[in-house]
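**Q**
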Amino acid sequence: MNHYRDILNYFDNRSTNASAESFNAKIKNFRLQLRGVKDTTFFLFRLSKLFA
Numbered sequence: 004m005n006h007y008r009d010i011l012n013y014f015d016n017r018s019t020n021a022s023a024e025s026f027n028a029k030i031k032n033f034r035l036q037l038r039g040v041k042d043t044t045f046f047l048f049r050l051s052k053l054f055a
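Residue numbers (the working numbering): 4 to 55.
(1) Indicate the three-state DSSP secondary structure (helix, strand or coil) for Lys52 in the structure shown.
(2) Our contact map puts Phe46 next to Val40 with C-beta atoms below 8 Å; I'd like the distance itself, whole angstroms only.
(3) Please report how far the alpha carbon of Arg17 lies from the alpha carbon of Thr44, in whole angstroms.
(4) At what residues does the alpha helix (DSSP H) containing Lys31 begin and finish?
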């Protein structure tokens, strides 16, 4: 049912979640680059500096 609401929202407001999906893809790519880093504080620090 939530999917239908998103579809109707597009036709009402002409808005999509493309920017959120793009940001999620950037974070996923960033995680792949820092594969093996165990320090989550450092990971979040780098993420905030890169995308803030």
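We put the CB at the ideal spot given by N, CA and C, even for glycine.
**A** Result, derived from the coordinates:
(1) Stepping through the sequence shown from its first residue, residue 52 is reached at position 49. Here Lys52 sits in helix by DSSP.
(2) As a first step, residue 46 must be located in the sequence shown, where it is residue number 43. As a first step, residue 40 must be located in the sequence shown, where it is residue number 37. Their Cβ separation, rounded to whole angstroms, is 6 Å, which keeps Phe46 and Val40 in contact under 8 Å.
(3) For the purposes of this step, residue 17 is taken as the residue at position 14 of the sequence shown. For the purposes of this step, residue 44 is taken as the residue at position 41 of the sequence shown. Rounded to whole angstroms, Arg17 to Thr44 spans 38 Å at the Cα level.
(4) Along the sequence shown, one-based indexing puts residue 31 at 28. It spans 21–36 - the alpha helix (DSSP H) in which Lys31 sits, taken as one unbroken run.
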